[in-house]
Structure formats: C-alpha cells, structure tokens
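K.L.:
Numbering (my numbering), first residue to last: 76 to 198.
Below is the structure:
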C-alpha cells in the first residue's frame, strides 16, 4: 500500500513480498497455546474476517474500508459496517457456524488437504 503512494514505486516494489502473508502469520501464531491473536493487515471484507477467525484469530482489525468510506460520508461508513456484517454472516452460514466461536472451530481445508490437521480429507 505505501509503495503505491510513493513518487518512485521501486522501493515499494522491492519489498512487495516481504514478510509472511496475514493468513500464514495468523495460523502460525495461533498454534501457540494461550496466545490471543488479532488478525489484521489486508483484511478488507467480512469473508477475510471469517477466514482470519477460522485460522485462529480471536479478533480481526479492519481499517482501510472504514477510512476510505469516511472520506465520503458517515452514511458510507454505516454501509461498510452493514456490508461487512452481512459478508461475515454469509460466510458463517456457508460453513454451518452459528456463532463466531463456532467459526473459530471450523475444520479447514487448503489446496493440498486439511490445514493443521483440523479436518478429515473428503472422501
């Protein structure tokens, strides 16, 4: 993000893939017993929030959608809140989670099978 605002994008491009992606970071830190994890960084939608919670985040932080909407109006911020809540509810429905707590216990499947031994491979 910062690189896209710079006059010379070369530095931003150099560090574009620096560090770990947010989902990888969340999953790794959440594997530490007793750790409270706040998932943030690139979280833009209710689906992103649902994924972060399912990966082990106790809380999720979103900034950009609200800041962008706030530059337009208070009503735009309310619309963003409503949209994110609806997206989270749909994601929860899709995995059969009746609550955020249940979402945090959702078995996960990645491209190559169960993530962290959390689910049985379909079969």
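Each residue gets a CB set at the ideal place from its N, CA and C atoms; glycine is no exception.
Quick caveat: nothing in here was measured; it's all calculated off a predicted structure.
1) Looking only at its chain, what residues have a beta carbon closer than 7 Å to the beta carbon of residue 162, apart from the 5 residues adjacent to it on each side?
2) Determine which residues share a DSSP beta bridge with residue 122 and list them.
3) For residue 110, does the three-state DSSP call read helix, strand or coil?
4) Between residue 126 and residue 84, how many whole angstroms is the CB-CB distance? I'm expecting something under 8 Å.
5) Going straight from the alpha carbon of residue 171 to that of residue 142, what length do you get?
6) Assuming residue 102 contacts residue 130 under a Cβ cut-off of 8 Å, what Cβ separation, rounded to an integer in Å, is found between them?
P.N.:
Result, derived from the coordinates:
1) To locate residue 162, count along the chain shown from 1; it is residue 87. Cβ-Cβ distances below 7 Å link residue 162 to 120, 121 and 122 in the same chain, with the five nearest sequence neighbours on each side left out; the list follows chain order.
2) Walking along the chain shown from the start, residue 122 turns up at place 47. None; residue 122 has no bridge partner.
3) For the purposes of this step, residue 110 is taken as the residue at position 35 of the chain shown. Residue 110: coil per DSSP, three-state reduction.
4) The residue you call residue 126 lines up with position 51 of the chain shown. The residue you call residue 84 lines up with position 9 of the chain shown. In fact, because the Cβ distance is near 28 Å, the residues do not count as touching under 8 Å.
5) Numbered from its first residue, the chain shown carries residue 171 at position 96. Numbered from its first residue, the chain shown carries residue 142 at position 67. Going by the C-alpha atoms only, they are around 31 Å apart.
6) Here residue 102 corresponds to residue number 27 of the chain shown, with the count starting at 1. Here residue 130 corresponds to residue number 55 of the chain shown, with the count starting at 1. With 8 Å as the limit, residue 102 and residue 130 qualify as a contact, their Cβ atoms being about 5 Å apart.
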